[in-house]
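In terms of our numbering, the sequence shown has 1354 at position 43, counting the first letter as 1, and numbering is strictly consecutive. Taking it in order: structure first as structure tokens, then the write-up.
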Amino acid sequence: MKFKHTFHVFVDNFSVTFKQLSYRLVILVVALGISWGCLTPFIKEFINSEALNSLLSGVQNFVSQLLKGNVSELPTISESVALAYEQLLHLLNTRITEIVLMGLMMLALIIVEKWFTGLGNYTTAAIINDKMALRKTSPFLRTLISNFKEAALYNLIYVPLSVLYDVLIAALALVSLFYMMHGIAYFFVILFLFTLIMLLAIAVKMTFTCDWLPALIRGKMGQKRSIAYTFSRKGKRTTEVFSTFIILELIILALNVMAFVFTFGVGLLVTLPASFVILICYEMVNYYDDRDLKFFLDKFTIIKPEKERVVTREQFFRGEDPDDEQ
């Protein structure tokens, strides 16, 4: 039922998708502008370097002579290509400090960008919670401002941990597949394995962090209690949550790929922000269901648990969990 209710809640809150889109576009434009300004000098110098131009012209000449059948010229051209390649490596070695610093700067920029987009995710979760608990339509910007302190602290903790986890998993997957390439001849098999590893790893991360946002927003638990609650999986049907995230990831991946292929990327303007919204919807539905809290599925439908907990009038209008005092 959680899976079914998730899509009902998503449809009921579909308008927040376009607010997510607008917010993310602003963040993306700013991040790309900063990245372009920082990387342009080095990229221009690299592209205009004699070593790179010699290497490209050598490769082009090699392919041209090979297609013409001038096999006798290939050894000489190969030597020039190898020499240009060594010169290019030497150029990169002389700039290794600058490359490392730029890499660290880009990593810092990615973390900052994810921190800002995380504020949007927190705001989206708060808007969805208001609709589910109180049938209240909350403005995006006002909700962002009113929840800024808690959202900033949440993302200050979550984003670095998430980026570190993603980088480690991606690195381990790439290294593992690199060693497997000697025994696997087909590129699509390698791509399949890499995608499978990443989907499983993301599902694991989301399974163990899915209650964090709802516990903060709906449960009013505070950061420490929310972290302890989300990583405590006792009685939370972890296998069911994990499998649901896998299914949601597959649906999201398929929709985004189709949007990219069949709409030349235009459809991604809707499917990408919608992907984040539907995942947040599942997190909220999962929390409400686990805590036996009733919620609005839509304007005319209220989902009531089998064992409904007593909620005082004050708790209801504040959107508080009846277990908060425990």
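The C-beta atom is built at its ideal place from N, Cα and C for all residues, glycine as well. Only a predicted model underlies this, so the values are computations on that prediction, with no experimental measurement involved.
Between residue i and the rest of its own chain, which residues show a CB-CB distance below 7 Å, the 5 nearest in sequence each way excluded?
i	result
K1547	D1601
T1351	none
A1514	F1553, F1556, I1557 and E1560
L1366	V1392, A1395, Y1396 and L1399
F1427	I1338
H1319	L1608 and D1609
V1340	none
V1370	V1392
V1572	none
Q1376	E1384, L1385 and I1388
V1596	K1313, H1316, T1317 and V1320
Skipping 5 residues on each side, what residues in its chain have a beta carbon closer than 8 Å to that of residue i?
i	result
M1312	D1600
Y1469	G1429, T1520 and W1523
F1505	A1484, L1485 and L1488
Using the Cβ count rule (16 or more neighbours within 10 Å means buried), how would you classify residue i?
i	result
N1324	buried
A1395	buried
K1425	buried
I1591	buried
H1316	buried
T1328	buried
T1448	exposed
E1636	Caution is warranted here: a pLDDT of 44 is assigned to E1636, below 50, making its placement in the model unreliable, and the coordinate value is therefore given only provisionally. Burial call: exposed.
T1541	buried
A1462	buried
T1719	Lying before the first or after the last residue shown, residue 1719 is absent from the chain, which here runs from 1312 to 1637.
P1386	exposed
E1594	buried
T1408	exposed
P1471	exposed
M1569	exposed
N1458	buried
S1586	buried
A1482	exposed
V1374	exposed
L1604	buried
A1539	exposed
Candidates the options: which alpha carbon is nearest residue i's?
i	options	result
S1537	S1554, F1519, F1553 and T1550	F1519
S1391	S1368, S1375 and F1542	S1368
I1480	Y1465, L1507, F1459 and L1399	L1507
P1450	F1321, F1607 and K1330	K1330
S1543	H1401, A1526, K1531 and I1558	A1526
G1578	I1558, F1321, H1319 and L1332	L1332
L1402	I1421, E1356 and N1466	E1356
N1359	G1344, L1399 and S1383	L1399
G1344	G1576, I1456, S1457 and L1420	L1420
V1552	I1438, K1460 and M1517	M1517
L1566	F1556, V1581 and T1555	V1581
I1438	S1586, R1529 and T1550	R1529
L1564	V1478, F1499 and L1510	L1510
K1535	A1444, V1340 and Y1465	Y1465
C1349	L1452, F1611, I1613 and M1417	M1417
L1452	L1378, E1384, M1443 and T1434	T1434
L1583	I1562, N1597, Y1598 and D1603	I1562
I'd like to confirm the pairing. Which residues does DSSP put opposite residue i in its beta bridges?
i	result
F1646	As shown, the chain starts at 1312 and ends at 1637. That puts residue 1646 outside it, with no answer to give.
Can you name, in chain order, every residue of its own chain whose Cβ lies under 6 Å from the Cβ of residue i, other than the five neighbours on each side?
i	result
Y1334	G1431
D1441	K1447 and S1449
F1321	I1589 and C1592
K1460	none
Could you tell me whether any Cβ in chain D is nearer than 8 Å to the Cβ of residue i?
i	result
G1369	Reference to chain D is not applicable here, since this structure consists of a single protein chain.
*At what residue ranges does the stretch 1313-1360 contain a whole run of the alpha helix (DSSP H), taking only runs of 4 or more?*
The stretch 1313-1360 contains these whole alpha helix (DSSP H) runs: 1313-1323 and 1327-1358.
_In chain order, what are the residue ranges of uninterrupted alpha helix (DSSP H) at least 4 long that sit wholly in the stretch 1488-1567?_
Every alpha helix (DSSP H) stretch that sits fully inside the stretch 1488-1567 and reaches 4 residues is listed by chain position as 1498-1520, 1523-1528 and 1533-1542.
*For the stretch 1407-1480, which segments carrying the beta strand (DSSP E) assignment without a break, of at least 3 residues, lie completely within its bounds, in sequence order?*
Complete beta strand (DSSP E) runs here, min 3: none at all.
*Would you mind listing the beta strand (DSSP E) stretches within the stretch 1362-1407 that are 3+ residues and don't spill past its ends, in chain order?*
Counting only runs of at least 3 residues, the stretch 1362-1407 fully encloses no beta strand (DSSP E) element at all.
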